[in-house]
Amino acid sequence: MAGVGGVVGGVILDESVLLASQQLQHPDSSSSSSSHSSSNCASFQPDAHFLLRKLRHSNIPTGISYGPGLEAHKVSILKEVATQYSIHCFILDASSIDGATREVKLAWSNIGGCILYLVSNKKRDIYPKLSKCGWLITILNVEGSSACENSSMVYINKLQELPLTICHINRKAIGNSVVTVGYIMKPSREEDFAKRGAFPMYPTQDGLMFVPLTFELPLSPQLQEVDVVLHKATDEIISIDLNSSLQSSNTITYSRGMQELQRYMEHHLDLCVIDPLNYIYPVLDRLKIQQILLGLEDLKTRGCHAIRGANFLKVDDFNQAGLIQSLSEAKLALPSIVKPQVACGVADSHSMAIVFRVEDFKDLTVPLPAIIQEYVDHSSTLYKFYVLGEKVYHAVKNSTPNADTLMKLSGSNELKPLVFDSLKSLPTTKGNPNSGDGNSSKATDHCIDLELVTSAAHWLMRKLELTIFGFDVVIQEGTGDHVIVDVNYLPSFKEVPNEVAIPAFWDAIKKKFELKRTT
């Protein structure tokens, strides 16, 4: 798509939209003499960091500019920020525009499109000169006006509006051949995806363009600019009520912003959503997932191994009568792993325990209701599978040791339960012989049956109707059973190389959009 004239190929942010001046009073000054003892200092606008985080991995070259007369301490702040975000710093001299623009061209020799220059409405003298150079002048803080554009200039009210403005300009320049994906997720997750190049604002070769959605601005105007909404709604869950069915969204309380997005999606059924909220509800409920995995018994392949979910039992009270009999009927032996029924979205959903003795259930701190799940001896080897549309990838990771090693771990503590947070740490030993890549002799007794697991991945995709999800598989020692122990929505798939994962990620999104458009 390079070479399309109207596409934004570079962004320069003038210091006038980044720095906020403050009056600081010296601590030894009195109120009567404050006018003589105060001094000007500069701070960086909080929203400027928001914007730079979005632009840093946008695939659009970004720079900061300032005039030759700017105070040294302000220049120092700008250069420090430019280094922090790995972007360029330019001097734009209104009296020598040709020299300044040549410097930009040297730094960005291969940009495909025009340069968008964001500047305060207080620096009007530079507008016409840069406009004649083909730059798109975008003016911030036009009081009383809404974001708009005319033939030569664009006007916005807030820094947060710039990504959407870039999206609007690019859509207008390219037309219907580009698919715009608006995404919403927590900042740390967004950063993980963005730094791998997953969210380019500049259109990809196959015609995808990404724009961050924010709950800090009115949502409806943002959604009108996008063709697809990609979300991690579990980041926006406040609470989950398991007393009623998770098939209903009424059991989940989302943040106010997510509720607004949910209402919009319910009233705009033609909008492509990855994925609809009701499709992710089963992944939030470990009981529901376990029940779905029971259907794997019907999956037949040419291999000699079986693939299944772990044996399980739901409990509402660890002191319930007949627990021993219930464990036996569920084909559960000790040790077993105990997990909250709520799988994600709330603070303690990853608080787990491995229990070695029945009498220790009564004092367990794992939140109720809970799922007691079979602990599978698997030689410390975990296979993480990622489904991106029709494509399936996997990676091998180190995992928890076998039961005998765990008992030795707990034996020094009178076989008390091993309590842990699965997002932070897993029970292991420093001298674990199976640590590292998991290629121990026991781990290789049963090689992963990729045909079997791929068939299960496609079965799960049809069953869950999810576009992008992941699941974990362990191979049981002795039987060779492939056991699915966890399923999750929109994982990071960070173990898959970027050059493989990111094109597959884009392809999955585009195919979902094309399918939606034809149905």
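Per this note's numbering, the sequence shown starts with residue 2, numbered consecutively.
Yeah, the Cβ is synthetic: ideal placement off N, Cα and C, and Gly gets one too.
Please report the straight-line C-alpha distance between Cys228 and Cys115, rounded to a whole angstrom.
Sequence inspection shows Asp at residue 228; the Cys mentioned does not correspond to that position. Roughly 24 Å separates the two Cα atoms.
For chain B, find out if any of its Cβ atoms is closer than 8 Å to the Cβ of Leu56; answer yes or no.
In summary, chain B is missing from the structure at hand, where a single protein chain is found.
How many Å lie between Leu53 and Tyr86 at the Cα?
7 Å
For Leu309, which of Asn320, Ala73, Val474 has the nearest alpha-carbon?
It should be pointed out that residue 309 corresponds to Arg in this sequence rather than to Leu. It is Val474.
Taking the CB atoms as reference points, tell me whether Leu209 and Val180 lie closer together than 8 Å.
yes
Let me check one thing: in DSSP terms, what residues is Arg309 bridge-paired to?
Val484
My output table needs one value for Cys90: the three-state DSSP class, helix, strand or coil.
strand
Do Gln291 and Ile372 have their C-beta atoms within less than 8 Å of each other?
yes
Counting along the chain, where does the beta strand (DSSP E) carrying Thr520 start and finish?
Taken as a continuous stretch (DSSP letters only), Thr520 belongs to no beta strand (DSSP E), as it is neither H nor E.
Quick one: what's Met353 bridged to in DSSP?
Phe421
Closest to Asn111 by C-alpha separation, out of Phe200, Asn60, Met266, would be which residue?
Asn60
Under the three-state DSSP convention, the category Phe494 falls into
coil
Taking only three categories from DSSP, how would you classify Leu369?
coil
Going by DSSP, what residue range makes up the beta strand (DSSP E) through Met154?
154-157
C-alpha distance - Glu72 paired with Ile138, whole-angstrom precision:
24 Å
Enumerate, from N- to C-terminal direction, the unbroken beta strand (DSSP E) stretches of 3 or more residues contained entirely within the segment 443-475.
none
Can you tell me the Cα-Cα spacing of Pro477 and Thr254, whole angstroms?
The displayed chain sequence assigns Gln, not Pro, to residue 477. Distance between the alpha carbons of Gln477 and Thr254: 38 Å.
Using only CA atoms, which one of Pro219, Leu465, Leu278 lies nearest to Lys233?
Leu278
Using the DSSP secondary-structure output, state which residues sit across from Pro299 in a beta bridge.
In the sequence under discussion, the amino acid at residue 299 is Asp, which differs from the Pro named in the question. None, per the DSSP bridge assignment.
Where the beta strand (DSSP E) through Phe211 begins and ends:
209-213
I'd like the span of the alpha helix (DSSP H) that includes Ser400, first residue to last.
Careful: Ser400 lies outside any alpha helix (DSSP H) and carries neither H nor E.
Can you tell me which of Asp48, Leu56, Lys124 puts its alpha carbon nearest to the alpha carbon of Tyr67?
Lys124
Look up Glu375 in the DSSP assignment and give the residues it is bridged to.
Ser337
Would you check if the segment 383-403 and the segment 459-475 touch, i.e. whether three or more CB-CB distances between them fall below 8 Å?
yes
Mind checking Asp286: buried by the 16 CB within 10 Å criterion, or exposed?
buried
If we count the other Cβ atoms within 10 Å of its Cβ and call it buried at 16 or more, is Ser17 buried or exposed?
buried
Which residues in the same chain have their Cβ closer than 8 Å to the Cβ of Asn122, if we skip the five residues on either side of it in sequence?
Ile140, Leu141, Asn142, Val143
Taking 8 Å as the limit between beta carbons, can you name the residues of its chain near Phe506, skipping five residues before and five after?
Ala199, Leu389, Ile469, Phe494
Give me the Cβ distance between Ile238 and Met202, rounded to the nearest whole Å; I'm assuming they're in contact under 8 Å.
Ile238 to Met202, Cβ: 28 Å. No contact.
When the distance is taken between beta carbons, is Asn171 closer than 8 Å to Val8?
yes
Have a look at Cys90 and Asp487 and give me their C-alpha separation to the nearest angstrom.
47 Å
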